[in-house]
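Novice:
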Amino acid sequence: MPSISRDEVAHLARLARLAVTDDELDLFAGQLDVILQSVATVGDVAAADIPPTSHAVPLTNVFREDVVRPGLGQQQALASAPAAEEGRFRVPRILGEEA
Amino acid sequence: MTAVAEIMDYDDVVARFDPVLGLEVHVELHTNTKMFCSCANVFGGEPNTNVCPTCLGLPGSLPVVNGKAIESAIRIGLALNCEIAEWCRFARKNYFYPDQPKNFQTSQYDEPIAFNGYLDVTLDDGEVVRVEIERAHMEEDTGKSLHVGGATGRIHGAEHSLLDYNRAGVPLIEIVTKTISGTGARAPEVARAYVSTLRELLRALDVSDVRMDQGSLRCDANVSLMPKGASELGTRTETKNVNSLRSVERAVRFEMCRQGAVLVEGGEIVQETRHFEEASGTTRAGRRKETSEDYRYFPEPDLVPVAPSREWVEELRGTLPEPPGERRARIQAEWSLTDAEMRDLVNAGAVGLVAATVDAGATPAEARSWWVSYLTQQANSRGVELAELPIAPAQVARVIVLVNEGALTNKLAREVVNGVLAGEGEPDAVVEARGLKVVSDDSALEAAVDEALAAQPDVAAKIRDGKVAAAGAIVGAVMKATKGQADAKRVRELVISRCS
Ligand SMILES: [Zn+2]
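Taken in sequence, the protein lines are chains A and G.
Read in numbering that gives the first Met the number 0, the first sequence has 79 at position 80, and its numbers run on one by one without any break.
Read in numbering that gives the first Met the number 0, the second sequence has 153 at position 154, and its numbers run on one by one without any break.
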């Protein structure tokens, strides 16, 4: 029983806005299954008393003072934008997200 | 285009169903800077002027948490009687709307900073309803999209969208209630009173501008109906774009009537986001709700966990304002108000505003008079809540001071207030720009008095004969000649002295 189904891969691809062909779905489903099973080995080793780790460095509470520092100007902010209009980033319309 | 929704009579709805609510309130904190970068956090401004590599999601930039925002989040949690997490993390909520340039929103997922609280809400007739709080978590606001080419400014039909990221990254606290049930026909009123009380509390905490009209306080209303006697919750909808307290009440009521009509016809409620239409008081379908799995939340690797020490939490508890209920009782005693007067003040949503006006230098009587009469009229004619009027307590206090100093008459004071409401700036600037100074120069007034006396010799003769009451006609003429900018009391003195 694979740890990830072909349908789940297709769903994830859609969420990530990746155009994946049918052949690629077969290929990736197999490859991802190998990766997930390999990672699962780590899960077997970790005992119940070992909490999942998200951060390798044991640091907490790194805060910044609430003091304004100048950022980019509008011109600089938009300099690398593929398209801009009226001081704003111009993006294609969003299809099928909201009707 | 959209079919007109069938509506069930409200009384029928509450006779057949029990409404169940869930309210999500987003509060923008008024910190100096954004949540994860040092860009200024200000409303308005030219587009994309308060942006930096971090809030634009540029490669190589890294977020750092604003300590003041954490402090505000903890204070809000404590004021809502919540537990404060000993350890919690931020999480990435992944999605592809361009309102976040990063393709994710930094939020909190299953580890909110505050959880398990409550807020006691007093309804208009004095009944107290305890609304339980599920959680309050930290996140960042999105940018603002302008949809071009569509007829309605909505995404649908738009040819392209224009993005302003000034608001992207502004600290946001999302406060989520547990399900609120058992309120029956009063559900819409409970929803409104909850948001109103929450707003009062947040204003007292001084953590946000809490302006619904400017979006610094936003409410999403989850509504479902359960047939009487049923034990399973119905399918809920989430109504967004609810931009005033009145709209909260209307949106809940409308959804109840719409869902009731669907259910009695044997239809099914679609779990979806709906948009409230202010003009018609209706809701329309938006996007189907994505499941939370679809957001693929995972712990934010670029931010270390937040672990507020218990000492810090207790220190912050010491900075909390009085709970709204106790505060009302104290204010009523201090200002010697009757129960009825106090209730009027509460219903007008004016307690905090009057208190702030008093703090800014007005007497309670003067402050109360402005807020519950003239300003309440203005709010009603605009169809907004008192607190949503574009005038601040300090500005009202300044007008009161100007009246007390004799620089403004009551009539002129209203004009100054109108100017502030029209966006003409601070009271002093309105006085200057509109030329509303009281004419206090005696020589100018004497000339006007002499002119009026000369124009009405018969009246002048009566006054000289000691019939002081006749002076009113001359005072009226002078007030008219000076366009109401004279101090009527001073004019009267001058009339009498010129006739004796
Ligand atoms: Zn920034």
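Backbone N, C-alpha and C define an ideal beta-carbon position, used for all residues, glycine too.
If you're wondering where the values come from, they're calculated on a predicted model, not measured in any experiment.
Looking at ligand 1, does it come within less than 7 Å of G:K482, judged from the CB to the closest heavy atom?
Specialist: Position 483 of the second sequence holds residue 482 of chain G. Incorrect: G:K482 has no Cβ contact closer than 7 Å to ligand 1.
Novice: Tell me, please, whether the CB atom of G:C16 is closer than 8 Å to any CB atom in chain A?
Specialist: The residue labelled residue 16 of chain G in the question sits at position 17 within the second sequence. Looking at the sequence shown, residue 16 of chain G is not Cys but Phe. Not an interface residue.
Novice: Could you give the distance in angstroms between the alpha-carbon of G:V458 and the alpha-carbon of G:G434?
Specialist: Against the second sequence, residue 458 of chain G aligns to sequence position 459. Against the second sequence, residue 434 of chain G aligns to sequence position 435. The straight-line gap from Cα to Cα measures roughly 31 Å.
Novice: Closer than 8 Å, CB to CB, is G:N242 near chain C or not?
Specialist: Among the chains of the structure shown, chain C does not appear; the protein chains present are A and G.
Novice: In chain G, which residues lie less than 9 Å from A:S53 when you measure between Cβ atoms?
Specialist: Looking up residue 53 of chain A in the first sequence gives position 54. Chain G residues near A:S53: R88, F297, P298, E299, P300 and P304.
Novice: Could you say which of G:L374, G:P392 and G:W334 lies nearest to G:A359 if we only look at CA atoms?
Specialist: In the second sequence, the residue the question calls residue 359 of chain G occupies position 360. Measuring from the Cα of G:A359, the nearest candidate turns out to be G:P392.
Novice: Quick check on the burial criterion: 16 or more other C-beta atoms within 10 angstroms. Buried or exposed for G:Q376?
Specialist: As a first step, residue 376 of chain G is located in the second sequence; it is residue number 377 there, counting from the start. Burial call: exposed.
Novice: Would you list the residues whose beta-carbon is nearer than 6 Å to any heavy atom of ligand 1, in the order they occur in the chain?
Specialist: Residues flagged by the Cβ proximity filter: A:G70, G:K33, G:C36, G:C38, G:V50, G:C51, G:T53, G:C54 and G:G168.
Novice: Taking C-alpha atoms, which residue in G:E450, G:L28, G:V477 and G:G424 lies nearest to G:D205?
Specialist: Here residue 205 of chain G refers to the residue found at position 206 when the second sequence is read from its first residue. When each option's Cα is compared against that of G:D205, the closest is G:L28.
Novice: Taking G:N93 as the reference, give the member of G:S37, G:H25, G:Y294 and G:M211 with the closest Cα.
Specialist: Looking up residue 93 of chain G in the second sequence gives position 94. Looking at the Cα atoms, G:Y294 is the closest of the given residues.
Novice: Taking the beta strand (DSSP E) that G:Y117 falls in, what are its first and last residues?
Specialist: Counting from 1 along the second sequence, the entry for residue 117 of chain G is found at position 118. Residues A113 to T121.
Novice: Using beta carbons (cut-off 8 Å, strictly below), is G:H29 in contact with chain A?
Specialist: Here residue 29 of chain G refers to the residue found at position 30 of the second sequence. Closer than 8 Å: no.
Novice: What residues in the segment 23 to 48 of chain G have a beta carbon less than 8 Å from any beta carbon of chain A?
Specialist: Of all residues in the segment 23 to 48 of chain G, T30, N31, T32, C36, S37, C38, A39, E45, P46, N47 and T48 have a Cβ within less than 8 Å of some Cβ in chain A.
Novice: Give, in chain order, every residue of the segment 52 to 74 of chain A whose Cβ lies closer than 8 Å to some Cβ of chain G.
Specialist: Of all residues in the segment 52 to 74 of chain A, S53, H54, V56, L58, T59, N60, V61, F62, R63, E64, D65, V66, V67, R68, G70, L71, G72 and Q73 have a Cβ within less than 8 Å of some Cβ in chain G.
Novice: Going by alpha carbons, who is nearest to G:A396 out of G:A355, G:E45 and G:C256?
Specialist: Counted from its first residue, the second sequence places residue 396 of chain G at position 397. Comparing Cα positions, the closest option is G:A355.
Novice: Taking G:C51 as the query, report the chain A residues whose CB atoms sit under 7 Å from its CB, ordered along the chain.
Specialist: In the second sequence, counting from the first residue as 1, residue 51 of chain G sits at position 52. Chain A residues near G:C51: G70 and L71.
Novice: Can A:E23 and G:G66 be called in contact, C-beta distance under 8 Å?
Specialist: As a position in the first sequence, residue 23 of chain A is number 24, starting the count at 1. As a position in the second sequence, residue 66 of chain G is number 67, starting the count at 1. Not in contact: A:E23 and G:G66 (Cβ atoms no closer than 8 Å).
Novice: To the nearest angstrom, how far is it from the Cα of G:S496 to the Cα of G:V477?
Specialist: In the second sequence, counting from the first residue as 1, residue 496 of chain G sits at position 497. In the second sequence, counting from the first residue as 1, residue 477 of chain G sits at position 478. Approximately 15 Å between the Cα atoms of the pair.
Novice: Between the alpha carbons of G:S180 and G:I174, how many angstroms are there, rounded?
Specialist: Within the second sequence, numbered from 1, the residue matching residue 180 of chain G stands at position 181. Within the second sequence, numbered from 1, the residue matching residue 174 of chain G stands at position 175. G:S180 and G:I174: Cα-Cα distance of roughly 18 Å.
Novice: Excluding five sequence neighbours on each side, which residues of the same chain lie with their C-beta closer than 7 Å to the C-beta of G:E70?
Specialist: What you label residue 70 of chain G is simply residue 71 of the second sequence in a count that begins at 1. L315, listed in sequence order.
Novice: May I ask you to list the residues that DSSP assigns as paired with G:P226?
Specialist: Along the second sequence, one-based indexing puts residue 226 of chain G at 227. Answer is G:F16.
Novice: Flag G:G125 as yes if its beta-carbon sits less than 8 Å from any beta-carbon of chain A, otherwise no.
Specialist: Taking the second sequence and counting its residues from 1, the one referred to as residue 125 of chain G is at position 126. Chain A contact via Cβ: absent.
Novice: For G:M341, which residues of its own chain have a beta-carbon under 6 Å away from its beta-carbon, when the five flanking residues on both sides are left out?
Specialist: In the second sequence, counting from the first residue as 1, residue 341 of chain G sits at position 342. Q331, listed in sequence order.
Novice: Only counting the same chain, and skipping five residues up and downstream in sequence, which positions put a Cβ closer than 8 Å to that of G:V312?
Specialist: As a working note, residue 312 of chain G is residue 313 in the second sequence. Within the same chain, G:V312 has close Cβ partners I73, L77 and I83.
Novice: Cβ closer than 7 Å: which chain G residues qualify as neighbours of A:V90?
Specialist: To locate residue 90 of chain A, count along the first sequence from 1; it is residue 91. Result: P97, H159, S160 and L162.
Novice: What are the uninterrupted segments assigned as alpha helix (DSSP H) that are 4 or more residues long and contained completely in the segment 223 to 294 of chain G, given in chain order?
Specialist: Fully enclosed alpha helix (DSSP H) runs of 4 or longer: 244 to 263.
Novice: If you measure from the beta carbon of A:G86 to each beta carbon in chain G, is any gap under 8 Å?
Specialist: Translated into positions along the first sequence, residue 86 of chain A becomes position 87. Cβ-Cβ to chain G under 8 Å: yes for A:G86.
Novice: Indicate whether at least one CB of chain A lies closer than 8 Å to the CB of G:I69.
Specialist: On the second sequence, residue 69 of chain G is found 70 positions in, with the first residue counted as 1. Yes, G:I69 lies at the interface with chain A (some Cβ there is under 8 Å from its Cβ).
Novice: Looking at the structure shown, is G:L171 part of a helix, part of a strand, or coil, going by DSSP?
Specialist: Working through the second sequence from its first residue, we reach residue 171 of chain G at position 172. Three-state DSSP puts G:L171 in a strand.
Novice: Just to confirm my understanding: we take G:R286, look at its own chain, exclude 5 residues before and 5 after, and list those with CB closer than 8 Å. What are they?
Specialist: For the purposes of this step, residue 286 of chain G is identified with residue 287 of the second sequence, where counting begins at 1. The answer, listed in chain order, is E271 and T272.
Novice: Can you list the residues of chain A that G:G66 reaches, using a CB-CB cut of under 8 Å?
Specialist: Here residue 66 of chain G refers to the residue found at position 67 of the second sequence. Neighbours of G:G66 on chain A, chain order: F62, R63, E64 and D65.
Novice: Going by other Cβ atoms of all chains shown within 10 Å of its Cβ, with 16 needed for buried, is G:E387 buried or exposed?
Specialist: As a first step, residue 387 of chain G is located in the second sequence; it is residue number 388 there, counting from the start. Result: buried.
Novice: Go ahead and pull the three-state DSSP assignment for A:E7.
Specialist: The residue labelled residue 7 of chain A in the question sits at position 8 within the first sequence. Correct three-state label for A:E7: helix.
Novice: Quick one, are the C-beta atoms of G:I172 and G:V402 less than 8 Å apart?
Specialist: The residue you call residue 172 of chain G lines up with position 173 of the second sequence. The residue you call residue 402 of chain G lines up with position 403 of the second sequence. It is not a contact, given that the beta carbons lie outside the stated cut-off.
Novice: Kindly indicate if chain A contains any beta-carbon less than 8 Å away from that of G:D208.
Specialist: For the purposes of this step, residue 208 of chain G is taken as the residue at position 209 of the second sequence. Not an interface residue.
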